[in-house]
Amino acid sequence: DAKTTQPPSMDCAEGRAANLPCNHSTISGNEYVYWYRQIHSQGPQYIIHGLKNNETNEMASLIITEDRKSSTLILPHATLRDTAVYYCIALRYAGNNRKLIWGLGTSLAVNP
Amino acid sequence: DARVTQTPRHKVTEMGQEVTMRCQPILGHNTVFWYRQTMMQGLELLAYFRNRAPLDDSGMPKDRFSAEMPDATLATLKIQPSEPRDSAVYFCASGLVLSNQDNYNEQFFGPGTRLTVL
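Protein chains in written order, with this note's numbering: chain A, 87 to 198; chain B, 4 to 121.
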């Protein structure tokens with residue numbers, strides 16, 4: 087299972103873009119990269135996922151390097167409500183059995 | 004607004020007592036996950052069900068933990084006997100997987116059960 091590595095904490099000014107990096111150098115060809123976030127005292131919430139192409143949705147953009155060894159989650163205009171722990175996860179894709187391998191995530195603080 | 008519900012939200016019990024946590028997945032979802040979260044270990048997958056069948060419970064201590072899905076609307080996680088080291092927040096999540104080739108794996112999490120074993 088691919089291990090992901092994230093910085094333990096980051097700060098961002100409100101209204102600016104938040105760029106959260108993730109290293110997954112051991113990721114295999116069929117493992118997807120998923121991003122979730124967890125706001126204090128709540129369950130994690132899905133943000134976005136991708137395999138090798140960049141992805142964008144209403145919440146964020148996901149940039150995956152060509153060699154797939156790292157990715158960056160971009161929150162284009164961070165708000166105070168984006169303060170949360172952000173998890174970068176590799177999905178082990180093996181037929182019926184699929185596990186999200188959770189790390190400790192990045193604690194993002196959005197400051198006014 | 005479809006949500007995963009969990010009961011109880013908080014549970015305080017004494018060591019040795021039985022604890023049962025319940026989860027109602029989102030109607031129509033065919034996968035259910037049980038996670039445990041602590042400050043030290045982060046989120047750990049305990050068990051994973053698909054179409055009510057257990058697919059993976061390798062993360063669960065078998066001697067004291069058990070997970071079941073009596074029907075499609077109810078998943079249970081039981082600890083017997085409970086120990087102080089079981090103190091954690093237990094999350095249930097559900098999702099919809101259409102086929103083995105389906106790479107979409109969004110999991111919808113419930114609010115969690117905060118368990119304290121004294």
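Positions of the beta carbon are idealized from the N, C-alpha and C atoms, including for glycine.
Keep in mind the model is a prediction, meaning the values are calculated, not measured.
Which term fits residue i, buried or exposed, when burial requires 16 or more other beta carbons within 10 angstroms of its beta carbon?
i, result
"ARG39 of chain B", "buried"
"ASN143 of chain A", "exposed"
"ASP89 of chain B", "buried"
"ALA5 of chain B", "exposed"
"MET72 of chain B", "buried"
"HIS110 of chain A", "buried"
"ASN108 of chain B", "buried"
"GLN9 of chain B", "buried"
"LEU46 of chain B", "buried"
Hey, would you say residue i sits closer than 8 angstroms to residue j, going by beta carbons?
i, j, result
"ALA56 of chain B", "MET63 of chain B", "no"
"THR169 of chain A", "SER95 of chain A", "no"
"VAL75 of chain A", "ILE150 of chain A", "Not covered by the structure: residue 75 of chain A. The range shown for chain A is 87 to 198."
"GLU100 of chain A", "THR165 of chain A", "yes"
"GLY189 of chain A", "GLN92 of chain A", "yes"
"ASN105 of chain A", "THR158 of chain A", "yes"
"ILE133 of chain A", "GLU141 of chain A", "no"
"CYS174 of chain A", "THR112 of chain A", "no"
"PHE112 of chain B", "ALA96 of chain B", "yes"
"SER147 of chain A", "CYS108 of chain A", "no"
"GLY19 of chain B", "PRO87 of chain B", "no"
"ALA176 of chain A", "ILE160 of chain A", "no"
Could you tell me how far apart the beta carbons of residue i and residue j are, in whole angstroms, since I believe they sit closer than 8 angstroms?
i, j, result
"VAL100 of chain B", "THR34 of chain B", "5 angstroms"
"GLN131 of chain A", "TYR122 of chain A", "6 angstroms"
Enumerate in chain order the residues of its own chain whose CB-to-CB distance from residue i is below 8 angstroms, with the five nearest sequence positions on each side excluded.
i, result
"LYS14 of chain B", "VAL22, MET24, THR116, ARG117, LEU118, THR119"
"ARG12 of chain B", "PRO114, GLY115, THR116, ARG117"
"ASP59 of chain B", "LEU48, ALA50, TYR51"
Which same chain residues, not among the five before or five after residue i, have their C-beta less than 6 angstroms away from its C-beta?
i, result
"PRO162 of chain A", "ALA103"
"LEU137 of chain A", "TYR118"
"VAL171 of chain A", "GLN124, GLY191, SER193"
CB-CB under 7 angstroms to residue i, same chain, minus the five flanking residues each way: which ones, in chain order?
i, result
"ASP97 of chain A", "ALA195, ASN197"
"GLY98 of chain B", "HIS32, THR34, ASN108, GLU109, GLN110, PHE111"
Cβ pair count under 8 angstroms reaching 3, the region 68–82 of chain B against the region 44–56 of chain B: yes
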